[in-house]
Every structure is written in structure tokens, then in C-alpha cells.
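Chains as they are written, first to last, in this note's numbering: chain A, 60 to 695; chain B, 60 to 695. Note that beta-carbon positions come from the ideal geometry of N, C-alpha and C, so glycine has one too. Please read the structure below before turning to the comments.
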């Protein structure tokens with residue numbers, strides 16, 4: 060009797076494969092076309108192929124894992140893909156943990172904040188310089204600070220400070236460093252002069268979570284990393300997270316919060332180990348995310364955000380102790396969660412705003428933050444409008460056949476020779492085009508948003524797909540074929556060039572996903588422009604991690620957003636993360652954020668009369684543009 | 060081969076007995092002369108005989124316990140004494156949990172606060188009365204409160220409030236009650252009008268912990284109870300607790316804190332079950348205790364309090380979330396720990412002061428709080444002195460052969476007919492003298508501090524003991540005998556009259572304990588009076604639970620404190636608990652406490668030159684008194 064082989068599903072890509080019992084998860088991943096980094100080729104020696112079993116189970120060879128996976132992570136389901144074997148149906152999260160080296164991290168936000176005024180400051184004091192009255196240690200030490208600029212009289216102290224004060228004084232020979240939050244609460248005490256305090260900026264995306272650790276004394280980023288938001292277990296977009304919460308009242312949001320916090324904590328530990336700092340030195344933290352991520356991070360049910368009138372539970376900034384959220388930094392540190400605007404436009408957009416400051420300009424800026432939701436702000440000194448476009452995760456490479464995030468090994472740029480029909484590509488983490496390397500040297504792992512946009516633009520310009528996005532069948536290229544499931548597809552890279560040994564393709568279905576995404580974004584921009592009575596865009600800013608790799612011309616070709624002179628388009632990378640960083644190193648940015656969040660007028664696209672029409676208009680390639688110089692398809 | 064029977068030790072009395080394997084703990088207790096309430100006579104049906112196995116183990120009959128002991132308490136070692144059997148050496152804590160009925164509780168502090176101004180206030184608001192802007196629930200609801208008197212603009216909110224806000228609004232049909240702490244933080248949200256908030260006043264004594272639960276809307280005490288401080292495991296006085304902490308750095312104080320908090324939590328649950336309230340309704344808490352108890356309660360090592368210059372870590376009042384201390388009330392509630400004075404004179408004495416207010420009077424008061432430490436304040440409007448006298452736990456009945464706390468069944472008053480030598484006594488919880496009842500009806504369980512003082516005074520007046528406290532051997536009474544260990548003793552109640560079936564006695568050793576205790580107290584008072592240049596006491600206040608039962612004449616006879624006209628001595632009961640209650644129902648009392656704590660001048664007796672001499676002078680019965688009318692022993 061033939062037994063059906065178990066099905067192994069991979070997240071966040073949602074790819075599946077049948078795999079016989081006994082096969083390693085790494086082998087199954089390769090069959091599913093999912094790239095897992097395994098430098099030692101499955102010998103269990105490099106520890107790079109960490110995956111997490113989130114449903115079902117996977118048998119594990121004993122022994123070798125223990126040096127790479129902590130008992131805590133093991134309990135969360137972490138395994139080495141090369142050691143874990145198929146025993147039955149299972150869902151595997153490829154966490155995509157990505158820790159930048161210290162050198163690389165320093166380059167993040169290289170134009171760093173010019174103002175350094177963190178919420179947390181350190182003061183080294185000597186008990187022997189204090190008078191004998193009052194008699195208690197705390198009051199004598201804080202008395203020494205009473206003359207310092209800005210500090211509140213009668214500082215309060217966290218319980219942990221009371222508990223550690225006497226020991227710190229003994230160890231430091233009466234000399235200790237007090238760490239003071241917002242000039243009013245002593246949150247840590249250390250013997251002697253103490254090491255500089257660190258801060259953590261956290262950008263919670265629907266699909267990807269980014270962390271930046273800064274030296275609060277210098278303002279420099281000393282470590283950074285990213286990881287897949289483990290909430291992808293509960294669906295790829297914000298609506299699916301809301302549904303999960305609604306379907307599991309109370310428990311749903313708690314579970315999603317727990318998953319997020321566990322994922323963040325695991326990454327903090329990896330970054331700490333990699334870059335040589337102790338997580339307990341992190342004494343401050345800022346958090347940004349869209350309204351749904353913001354609510355779930357705080358353990359607030361997002362259910363009402365899915366129902367008219369889409370009311371958040373809280374919109375102002377929130378300060379809460381790290382220990383109350385379970386974040387594995389210093390438990391006495393405060394976590395500052397930036398304010399949200401309205402609807403789904405959350406603290407991440409506020410962070411983009413304090414990073415880009417369109418409200419300091421007379422000219423009107425169109426700022427687009429490309430993520431799983433596309434968040435749009437249009438405005439200037441006088442007025443600002445925002446809306447959230449349900450682009451879905453396609454531009455982040457999710458739910459695309461060969462899609463990956465804009466991470467090392469991802470095809471980030473593609474060009475197509477209109478004469479020969481041949482493809483060339485560039486890969487994140489390597490220099491130059493594939494044709495400049497030995498054949499098969501670049502070993503791409505998939506294609507990310509910017510590469511996908513390039514392919515669609517070139518297919519359109521070459522006439523391989525029409526205005527409706529459908530393959531035209533007018534060309535005969537070996538790269539054009541019917542795929543396994545009978546769907547038309549275009550081969551971007553052949554299997555012998557790729558890391559997994561499977562072709563990297565773009566299917567008809569993938570093109571439809573891109574069309575839906577770009578139509579949602581384009582329509583949102585159009586509605587906002589109509590509201591402000593604007594027909595031409597003076598300045599455009601594209602934010603978002605994958606935006607860094609975007610080819611402006613190709614994006615305009617497919618009509619990802621309304622026409623704008625490419626020279627006036629800036630690509631700024633993770634502006635939300637940068638805003639979180641700014642709020643971390645300069646507390647005045649927190650006040651600015653609270654002020655600005657309330658100044659933005661929100662447009663709820665789903666309730667806009669013209670939205671449906673604008674969306675349908677924008678589905679075609681390219682959307683008909685009012686401005687001059689709009690490119691025309693070459694294939695026509 | 061004869062096997063030595065296991066030794067069973069009982070706390071807090073420190074009594075021991077050998078007991079063969081298989082005997083119940085209840086039987087062993089009776090043999091040791093330790094009273095355990097077991098109404099159903101050991102059938103496992105009443106659940107009254109709860110004890111806690113703190114060292115070693117005790118075999119337990121399965122089944123019957125589960126209805127009386129929760130799984131949590133079981134894990135802490137709670138058992139029914141009538142079911143648990145000796146399997147080897149063990150130490151048993153008789154927790155002395157004592158929950159007053161609701162009716163009895165109402166009489167506690169019957170002259171209750173005239174001012175009702177709790178730190179926690181409730182406001183019922185209706186979302187439909189709020190404007191549409193701001194849009195978020197929290198900001199709209201707190202906006203409705205912005206006009207209310209005293210409330211801070213821009214109230215902050217506890218994380219739990221953010222998490223529960225949307226659900227409470229749904230359940231309450233847009234009508235919710237916000238609970239606001241100190242006019243500045245929303246700490247709870249409840250659907251509709253909500254039940255009144257409760258508050259908890261906690262008095263942590265070295266030997267006994269007392270709890271009072273109040274209705275914060277009315278100021279009435281709705282439940283009260285007491286329990287042995289489980290820290291008696293680590294020694295009976297504050298010095299032994301400091302030693303335990305020093306000997307186990309870090310871990311020691313954590314363990315003692317855990318024991319205390321567990322004991323308090325267990326009692327809260329019992330009080331809640333008994334008096335029909337939910338512990339989560341307790342939204343505020345005040346705590347008092349001597350400096351060592353204060354530190355341990357907060358998890359602060361008390362080590363430095365045992366070393367010159369006896370510096371506390373913190374002296375001002377402290378507010379900390381209940382969840383950070385593990386107290387099983389509403390986790391978002393704040394716990395307000397009153398300020399300490401100096402040395403061992405702590406928040407309990409500050410509470411006595413705000414209850415008695417000697418600083419509002421021109422005449423000088425001598426206030427004595429009788430506990431395991433005797434805390435003394437001498438002063439008036441102009442000046443206050445305090446000191447702490449190391450009386451030890453003898454006056455609370457601990458380390459006294461038949462000693463018990465002043466609880467139900469304790470002999471609280473004793474009289475001795477000088478003609479016949481016959482003894483009569485009164486028992487807590489019953490009316491009148493034993494001679495007014497049928498023989499053997501009162502069934503005392505032991506003798507408490509006031510009864511012990513009576514016995515010593517009568518023995519002295521009858522000439523049975525001399526000025527040096529030694530039995531004179533001049534009398535021949537059947538009640539005078541050599542005890543089991545060869546020590547001279549006086550039988551207060553014969554075994555056929557008592558609850559345990561063993562004699563209640565006072566031994567030569569017990570009398571020595573009382574002499575040491577009263578000498579320490581008397582010397583402390585003398586030193587304070589010398590400092591203020593006072594020779595006669597205008598007003599004396601005796602506080603402390605057992606003080607309620609004190610016979611003033613007998614106390615003066617043995618020289619428990621300096622001479623004072625008995626008409627000028629007031630017995631006020633647990634003034635520390637009353638002060639904690641006042642600070643709970645009236646936040647102005649908290650400010651008063653902070654102010655007053657800093658106005659008291661502390662005398663460190665151990666460093667006072669004259670202390671040793673004053674102590675030696677005060678050892679005899681009675682100490683020679685300067686005042687007129689000092690009683691003379693009758694037996695001379």
C-alpha cells in the first residue's frame with residue numbers, strides 16, 4: 060500500500076513539497092525551491108541552517124545541534140535544517156536571521172543624527188562627596204545630582220536600583236554610575252564609571268523585523284540585524300493577523316505577541332554574541348510599526364482595527380518597562396513605542412515622517428514606504444495626508460514563486476537584451492552583473508521586489524506581456540514556457556546558476572500579484588493627489604528596505620506610482636528604522652513624533668468613493684499618466 | 060537495633076519532640092505542647108489544621124487534603140496536620156493563619172479615618188459623550204476626564220489598561236469605569252460602573268504579619284487577618300534575618316522575600332474566599348514594617364543594616380507595581396511602602412506616628428510599639444527622638460515554653476490569690492475568668508505576652524521570685540516544681556484544663572527572657588528621656604497587638620517601662636497597622652509620613668555610652684523608679 064509522503068510547508072514563502080520520511084529538512088527545502096544557507100553542506104558543522112519547526116515535528120539527530128542552538132531556542136522549535144529529518148507533515152519557518160557585522164552595521168544610517176540627546180543619561184557619583192544627611196544611600200546619591208541641569212528634584216528609582224544599590228557601592232568603592240531615564244527615574248546603578256549605555260531601535264514590519272543597537276554615548280549603530288516576523292505563521296498581511304486575533308479572543312493576540320517577542324529576543328542574543336555586547340547594557344528602546352503591529356507588540360487586540368471606524372486603542376506614544384513586555388534587554392529599561400496616526404498608518408509612518416520631515420518644506424512631497432502595506436504621505440508645511448495601500452507582501456518577495464527578501468543572494472536587478480532576449484542580473488552582496496562573472500558564480504537564491512519589477516518592466520517593454528499583464532504568446536524564447544502546474548512562466552535564472560539547483564522564474568500568477576500591489580499603491584497616491592488638488596509631483600521619496608535597490612525607470616514603466624521626474628525621486632532605504640533610531644538618540648524627536656502624528660489627516664481608502672475606479676485604472680501596464688515624458692511600451 | 064525516632068521541630072515556637080515514623084503531625088504537635096486547631100479531631104474533614112512542612116518531608120494520606128489545600132499551597136509544603144505523617148526529621152511551620160469574619164473585621168480601627176481621600180479613585184465615563192477626535196479609545200476617554208478636579212492633563216495608562224480597553228468598552232456598551240492612581244495614571248478599566256475598589260494595608264512584623272482589606276469608597280475595613288511571618292524559618296529576630304542574608308548573598312534575601320510574599324498571598328486568598336471578594340479588586344496597597352522587614356519586602360539586602368553606620372538603601376516612601384513584587388492583588392496596582400526613619404526604626408514606627416500624631420501636641424508623649432523589636436518615640440510638637448530596643452520575640456510569646464501569640468485561646472490575663480496561691484486566668488475569645496466557667500471549659504492553648512507579664516508580676520508580688528527574677532524556694536506550692544529538664548517552673552494551667560493536654564508553665568528560663576526584654580525596652584526609654592532631659596512622663600501610649608491585653612499595673616510592677624501614672628497610659632492596639640490603614644484611605648497621610656519620618660532624631664542604642672548601664676539597672680524586678688507611687692513588691 061502506497062503511503063502518501065508527508066507535506067513540508069515553508070514560511071514565509073508558503074512553498075510546499077512532499078518529502079519522504081527520513082529526508083532532511085534541508086533537502087526538502089531544496090526540492091521546494093526554498094533557500095536555506097548551509098555552508099558546511101549539511102555536516103552540522105556551521106550552524107547556519109537554523110530553521111524553526113512551528114507546526115508538526117521533525118526528528119533530530121542528537122548531539123551536533125547543541126553547540127548552535129540554545130536550550131531556550133530549542134524549546135521554541137529551532138533546529139538545524141541539515142540535522143532535522145522529516146517524520147510527518149510539518150511547517151517550517153525559515154527565520155531569515157541576518158546579523159550584520161559590526162563594520163557593516165556602522166554604515167547603517169551613516170548620515171546619523173546631528174543631535175545627540177538620548178532619553179537615558181549616565182551620571183557617575185561618589186558617595187564620599189555626599190553629606191551625611193539624608194542617611195540612606197539612594198537619597199544621598201540622588202542628592203549629589205540635584206544640581207545637574209534638567210534633572211527632576213527627588214528622582215524616583217526603579218525597584219532593581221534599590222535592590223542593587225548597596226552592592227554596587229561596595230563593588231565600586233563608593234563610586235557608582237546612575238542611569239537616569241527622562242531626567243526623572245534612576246533605572247540602573249553600576250559600580251564605578253560603568254560601560255556606556257546601549258539603545259535598541261526596533262522596526263516591526265508585517266513580514267520583516269529590523270533591529271539597530273546604538274551606543275547612546277556616541278549615537279553610532281554598533282550592531283544591526285533582521286529576522287522574519289514570526290507572525291507570518293498567522294498569515295502574511297495585517298488583515299490575516301486581525302482575523303487570527305478575532306478567531307482566538309485573548310489567546311490569539313497573546314500568542315502573536317509572544318512569537319514576536321521571542322523572535323526579537325533570539326535575534327538580540329545573536330547580535331550580542333556576534334558583536335560582543337551584553338543585552339543587559341541596553342537601557343532604552345524605541346519601537347515603530349504599523350498600527351496592527353503596534354497593537355500586537357503591546358499585547359492589545361487589533362480586532363477593532365479591522366472594523367469600521369477602525370479605532371485604535373491608543374494613539375499617543377507609550378512608555379512601558381521592558382520586563383512587562385518580556386523583551387530581553389535590561390528589565391528596568393523603558394520601551395518607548397512611537398505614536399500611531401490613524402487606521403493602519405502607524406508608528407512606522409510617523410518614524411518615516413520624523414526622518415524625512417516633509418512638514419519642514421514648502422514644496423509638496425510624496426513619500427511612499429514600501430512594505431507589506433504601502434504607506435503614503437502627501438504633504439508639506441501646511442498640510443499632510445496619509446493613507447495605507449493594501450499592496451500585500453508581493454513586493455517583499457512573499458507569495459511570489461521564486462521571491463525572496465532583499466537579502467544576500469537575492470536577484471536585485473534584471474536586464475533583458477531586447478535583441479537576443481537574453482537575461483542578465485545582479486545579486487545582493489556581490490558586485491556587478493552576472494555576465495561579468497564566471498558562469499554560475501553568483502548563485503542567486505531567488506528574486507526580490509526590485510528584480511521582479513525589473514523583469515515585469517522588461518517583459519512589458521519587450522512585448523512579452525501586454526498592457527493587461529498577460530503573456531502575449533507572440534514570442535518564442537526558451538525562457539518562456541509552461542510551468543509544472545500549467546501556468547505560463549519566464550525563467551530568470553536557470554537551475555545550474557542558482558543556489559538551490561532549481562530555476563528562478565516569474566509566473567503569470569506572480570505578475571498578477573505585482574499588478575495588484577502596484578495598482579493598490581498607485582490608486583492610493585492618486586486619491587491623495589486628488590484630495591490636495593495636485594497633478595504633478597514635485598518631490599518623491601521611496602522608503603523601505605527593498606526600495607534601495609529599485610530601478611526608478613522600471614518602476615515608472617510598470618506604473619508602481621504616479622509619474623515623477625526620476626531625478627526628483629530619492630531612494631532612502633529603511634526610513635522607518637531610521638526614524639526609530641533618531642527617536643532613540645534624540646528625545647526631542649519623540650516630542651516631534653507626538654506632535655506630527657496628530658497633524659496628519661488620514662484617508663481611509665476603502666471608504667473613498669473614487670478608490671475602486673482608481674484601482675481598476677491602475678491595474679494595466681503602465682497606467683496612463685498625465686505627466687510629460689511617460690514611457691511607452693517598446694513592444695507596441 | 061534501636062533506631063532513634065525522628066525529631067519534629069515546630070515554628071514559630073521552636074519546640075521539638077521525637078516522634079515515631081507513622082505518627083501524625085497533629086499527634087506530634089500535641090506531644091510537643093504545640094497547639095494546632097483541629098476541630099474535626101483528626102478526621103480530615105474541617106481543614107483547620109493546615110501546617111507547612113518547611114524542612115524535611117511528611118508522608119501524606121492521599122485524597123482528603125485536596126479540598127482544603129490548593130495545588131499552589133501544596134507545592135509550598137502546606138498539609139493537613141491530621142493527615143500528614145512523620146517519615147523522618149522535619150520542621151513544621153504552624154502558620155497561624157487567622158482570618159477575622161467580616162463582622163469582626165468591621166470593628167478593627169472602629170474609630171476609622173475621618174478623612175476619605177484614597178490614592179485610587181474611580182470615574183465612570185461614556186464614550187458616546189466624547190468627541191470624535193482624538194480617534195483612539197484611550198485618548199477619547201481620558202479627554203472626558205480632563206475637566207475633573209485634580210487630575211493631571213494627559214493621564215498615562217498602565218499596559219493592562221491598553222490591553223483591556225476595547226473589550227471593556229464592548230462589554231460595557233461604551234460605558235466604562237477608569238481607576239486612576241494619584242490623579243495621574245489609569246491603572247484599571249472595567250465595563251460599566253464597576254464594583255468599588257478595595258485597598259490592602261499590610262503590617263509586616265518580624266513575627267506576625269497583619270492584613271486589612273478596606274473598601275476605598277467607604278473607608279471601612281471589610282476583612283482582616285494575620286499570619287506568622289514565614290521568615291521565622293530564618294530566625295526569630297531581625298539580626299538573624301540579616302545574618303541569613305549575609306550568609307547567602309543575593310539568594311538569601313530573595314528567598315526571604317519569596318517566603319513573605321507567598322505567606323501574604325496565601326492569606327489574601329483565604330480572606331477573599333472567606334469574605335467574598337476578588338483579590339483582583341484590590342487596587343491599592345500600603346506597607347509598613349521595621350527597616351529590615353521593609354528592605355526584605357522590597358527584595359533589598361538588609362546586610363548593611365547590621366553594620367555600622369546601619370545605612371538603609373532607601374529611606375523615602377517607595378511606589379512599586381504589585382506585579383513587580385509578586386503580590387497577588389491587581390497586578391497593575393501600586394504598592395506604597397511608607398518611609399523609614401533610621402536604623403531599625405522603620406515604616407512601622409512612621410505608621411504609629413501618623414496614627415498617634417505626637418507632633419500635634421505640646422505635651423511630651425512616650426510611645427512604645429511592642430513587637431519583636433520594641434520601638435520607642437519620645438517627643439512633642441518641637442522635637443521627636445526614636446530608638447529601637449532589641450526586646451526579642453518573648454513578649455510575642457515566642458521562645459517561651461508555653462508562649463503563644465495574643466490569638467484565640469491564649470491566656471491573656473492571670474491573677475494569683477496571695478492567700479491560697481491559686482491561679483485564675485482569662486482567655487482571648489472568651490468572656491470572664493476561668494473560675495466563672497465550668498472547670499476545664501476555656502481550654503487555653505498557651506499564654507501570651509500580657510499573661511506572662513501578669514504571672515511574673517504576681518510571682519514577684521507574692522515573693523515566689525525575687526528582685527533578680529529567680530525562684531525564691533521559700534514557698535511550697537504544688538504549682539512550683541522542677542520541670543522535665545530540671546529547670547524550676549510554675550504551672551499556670553494544668554493539663555486537664557488545656558487544649559493540648561499538656562501543662563501551661565512559666566519556667567525560670569522564660570522569666571529570664573522576659574527580664575531581658577523588659578530591660579532592653581526600659582533602658583531605651585531611659586536613654587531617650589535623658590536626652591530630652593525629661594524625668595516624668597506626661598503621656599504614654601502602648602501600641603502593638605498584645606498591648607491591648609496588657610495590665611498596666613502589672614507592667615509597671617515588673618518595670619516593663621519607666622513609671623507613669625496608669626491613668627495617663629493608653630493602650631491602642633496595632634497602631635502601625637492603623638497608620639498603614641490611614642495612609643491607604645487618605646493619601647495626605649502619605650505626605651505627612653514622608654515629612655514626619657525626616658523630623659525624628661534617631662538614637663542608636665548600641666552606640667550610646669549609658670545604654671549598657673541602663674540595661675543592667677533595668678534587669679531587676681522592678682527597676683527602681685524615680686516617680687512617686689511606684690509599687691513595691693508585696694512579698695518582701
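Inter-residue spacing [alpha-carbon to alpha-carbon] between residue 198 of chain B and residue 191 of chain B: Stepping through the second chain from its first residue, residue 198 of chain B is reached at position 139. Stepping through the second chain from its first residue, residue 191 of chain B is reached at position 132. Roughly 10 Å separates the two Cα atoms.
Mind checking if residue 122 of chain A is an interface residue toward chain B, Cβ cutoff 8 Å exclusive? The residue labelled residue 122 of chain A in the question sits at position 63 within the first chain. Residue placement at residue 122 of chain A is poorly supported in this model, since its pLDDT is 49, which falls under 50; the coordinates still yield a value, given next. Output row for residue 122 of chain A: interface = no.
Enumerated in chain order, which unbroken segments of the beta strand (DSSP E) with a length of 3 residues or greater are wholly contained in the region 189-247 of chain A? Counting only runs that start and end inside the region 189-247 of chain A, the beta strand (DSSP E) elements of at least 3 residues fall at 234-240.
Give the straight-line distance between the Cα atoms of residue 381 of chain B and residue 388 of chain B, rounded to the nearest whole angstrom. Here residue 381 of chain B corresponds to residue number 322 of the second chain, with the count starting at 1. Here residue 388 of chain B corresponds to residue number 329 of the second chain, with the count starting at 1. C-alpha separation (whole angstroms): 7 Å.
Would you please verify whether the beta carbon of residue 189 of chain B is less than 8 Å from any beta carbon of chain A? Looking up residue 189 of chain B in the second chain gives position 130. Chain A, which has no Cβ nearer than 8 Å to the Cβ of residue 189 of chain B, makes this no.
How far does the beta strand (DSSP E) with residue 563 of chain B in it extend, from its first residue to its last? The residue you call residue 563 of chain B lines up with position 504 of the second chain. Run containing residue 563 of chain B: 563-566, per the beta strand (DSSP E) assignment.
Quick one: using the 10 Å Cβ neighbour count with 16 as the cut-off for buried, is residue 331 of chain A buried or exposed? Position 272 of the first chain, counted from the start, is the residue given in the question as residue 331 of chain A. Residue 331 of chain A comes out buried.
Give the residues of chain A in contact with residue 362 of chain B, contact being defined as C-beta atoms less than 8 Å apart. Residue mapping note: residue 362 of chain B aligns to position 303 of the second chain, counting from 1. What residue 362 of chain B touches in chain A: 225.
Is the Cβ-Cβ distance between residue 559 of chain B and residue 89 of chain B less than 8 Å? Against the second chain, residue 559 of chain B aligns to sequence position 500. Against the second chain, residue 89 of chain B aligns to sequence position 30. Their beta carbons are under 8 Å apart, which means residue 559 of chain B touches residue 89 of chain B by this criterion.
Could you check whether the Cβ of residue 617 of chain B sits closer than 8 Å to any Cβ belonging to chain A? One-based indexing of the second chain puts residue 617 of chain B at position 558. It does not: the Cβ of residue 617 of chain B has no partner Cβ on chain A nearer than 8 Å.
Would you mind stating whether residue 214 of chain A and residue 196 of chain A have Cβ atoms separated by less than 8 Å? As a first step, residue 214 of chain A is located in the first chain; it is residue number 155 there, counting from the start. As a first step, residue 196 of chain A is located in the first chain; it is residue number 137 there, counting from the start. Cβ atoms of residue 214 of chain A and residue 196 of chain A: not closer than 8 Å.
Would you please state the rounded distance, in angstroms, between the beta carbons of residue 572 of chain B and residue 358 of chain A? I believe it to be under 8 Å. Taking the second chain and counting its residues from 1, the one referred to as residue 572 of chain B is at position 513. Taking the first chain and counting its residues from 1, the one referred to as residue 358 of chain A is at position 299. In fact, because the Cβ distance is near 55 Å, the residues do not count as touching under 8 Å.
For a contact meaning CB atoms closer than 7 Å, what does residue 359 of chain B contact in chain A? Locating residue 359 of chain B in the second chain gives position 300, where the first residue counts as 1. 221, 222, listed in chain order.
Is there a Cβ of chain A sitting closer than 8 Å to that of residue 377 of chain B, yes or no? Here the question's residue 377 of chain B lines up with position 318 in the second chain. Interface residue (Cβ-Cβ distance to chain A less than 8 Å): residue 377 of chain B is classified as such.
If you draw a straight line from the alpha carbon of residue 120 of chain B to that of residue 64 of chain B, how long is it in whole angstroms? Locating residue 120 of chain B in the second chain gives position 61, counting from the first residue. Locating residue 64 of chain B in the second chain gives position 5, counting from the first residue. Here residue 120 of chain B scores only 47 on pLDDT, less than 50, and its place in the model is too uncertain to base an answer on.
Report the residue from A:66, A:92, A:79 whose alpha carbon sits nearest the alpha carbon of residue 460 of chain A. The residue given as residue 460 of chain A occupies position 401 in the first chain. Looking only at A:66, A:92, A:79, the smallest Cα-Cα distance to residue 460 of chain A is reached by A:92.
If residue 22 of chain B sits next to residue 652 of chain B, beta carbons under 8 Å apart, how far is it from one beta carbon to the other, in whole angstroms? In the structure displayed, chain B extends from 60 to 695; residue 22 of chain B sits before or after that span and is not available.
In chain order, what are the residue ranges of uninterrupted alpha helix (DSSP H) at least 4 long that sit wholly in the region 582-652 of chain B? List check, alpha helix (DSSP H) in window: 611-617, 634-644.
Residue range of the alpha helix (DSSP H) that residue 510 of chain B falls in? The residue labelled residue 510 of chain B in the question sits at position 451 within the second chain. Run containing residue 510 of chain B: 508-520, per the alpha helix (DSSP H) assignment.
In three-state terms, what does DSSP make of residue 325 of chain B? Counting from one through the second chain, the residue named residue 325 of chain B turns up at place 266. Note: residue 325 of chain B maps to helix in three-state DSSP.
Within this structure, are the beta carbons of residue 12 of chain B and residue 289 of chain B separated by less than 8 Å? Residue 12 of chain B lies beyond the residue range present for chain B, which begins at 60 and ends at 695; the question has no answer from this structure.
Under a Cβ-count criterion, where at least 16 other Cβ atoms within 10 Å of its own Cβ denotes burial, should residue 285 of chain A be classed as buried or exposed? As a working note, residue 285 of chain A is residue 226 in the first chain. By the neighbour-count definition (other C-beta atoms within 10 Å, threshold 16), residue 285 of chain A is a buried residue.
For residue 1 of chain B, write down the residues that DSSP places opposite it in a beta bridge. In the structure displayed, chain B extends from 60 to 695; residue 1 of chain B sits before or after that span and is not available.
Under three-state DSSP, which class holds residue 430 of chain A? For this step, residue 430 of chain A is matched to residue 371 along the first chain. In the structure shown, residue 430 of chain A sits in coil (DSSP, three-state: anything other than H, G, I, E or B).
Every unbroken alpha helix (DSSP H) inside the region 68-109 of chain B [4 residues or more]: 84-91
Buried versus exposed call for residue 232 of chain B [16 or more other C-beta atoms within 10 Å across all chains shown]: Working through the second chain from its first residue, we reach residue 232 of chain B at position 173. It is exposed - the Cβ of residue 232 of chain B has fewer than 16 other Cβ atoms within 10 Å.
In angstroms with no decimal places, state the Cα-to-Cα distance between residue 374 of chain A and residue 404 of chain A. To locate residue 374 of chain A, count along the first chain from 1; it is residue 315. To locate residue 404 of chain A, count along the first chain from 1; it is residue 345. Rounded to the nearest angstrom, the two C-alpha atoms are 11 Å apart.
Can you tell me whether DSSP reads residue 122 of chain B as helix, strand or coil? Stepping through the second chain from its first residue, residue 122 of chain B is reached at position 63. Because the pLDDT of residue 122 of chain B is 49, which lies under 50, any placement of that residue in the model is unreliable, and the number read from its coordinates should be weighed accordingly. In the three-state reduction of the DSSP assignment, residue 122 of chain B falls in the coil class.
Count the C-beta pairs between the region 451-470 of chain B and the region 561-580 of chain B that are closer than 8 Å, then say yes if the count reaches three, no if not. yes
Span of the beta strand (DSSP E) around residue 271 of chain A: The sequence position of residue 271 of chain A within the first chain is 212, counting from 1. Residue 271 of chain A -> beta strand (DSSP E) spans 267-274.
Provide the residue(s) that pair with residue 492 of chain B in DSSP beta bridges, ordered along the chain. Sequence index remark: in the second chain, residue 492 of chain B carries index 433 (1-based). In the DSSP output, where bridge partners are listed per residue, residue 492 of chain B has B:485.
Measuring CA to CA, which of A:442, A:586, A:113, A:75 is closest to residue 665 of chain A? Within the first chain, the letter at position 606 stands for residue 665 of chain A. Answer by Cα proximity: A:586.
So, using beta-carbon positions, are residue 415 of chain A and residue 439 of chain A closer together than 8 Å? Numbered from 1 along the first chain, position 356 holds the residue referred to as residue 415 of chain A. Numbered from 1 along the first chain, position 380 holds the residue referred to as residue 439 of chain A. No, these two residues do not count as a Cβ contact at 8 Å.
Per DSSP, which one or two residues make a beta bridge with residue 545 of chain B? Walking along the second chain from the start, residue 545 of chain B turns up at place 486. Bridge partners of residue 545 of chain B: none, in fact.
Three-state secondary structure assigned by DSSP to residue 469 of chain A: Along the first chain, read from residue 1 onward, the residue named residue 469 of chain A stands at position 410. Residue 469 of chain A: strand per DSSP, three-state reduction.
Can you tell which of B:259, B:84, B:260 has the C-alpha that lies nearest to the C-alpha of residue 144 of chain B? In the second chain, residue 144 of chain B corresponds to position 85, counting from 1. Looking at the Cα atoms, B:84 is the closest of the given residues.
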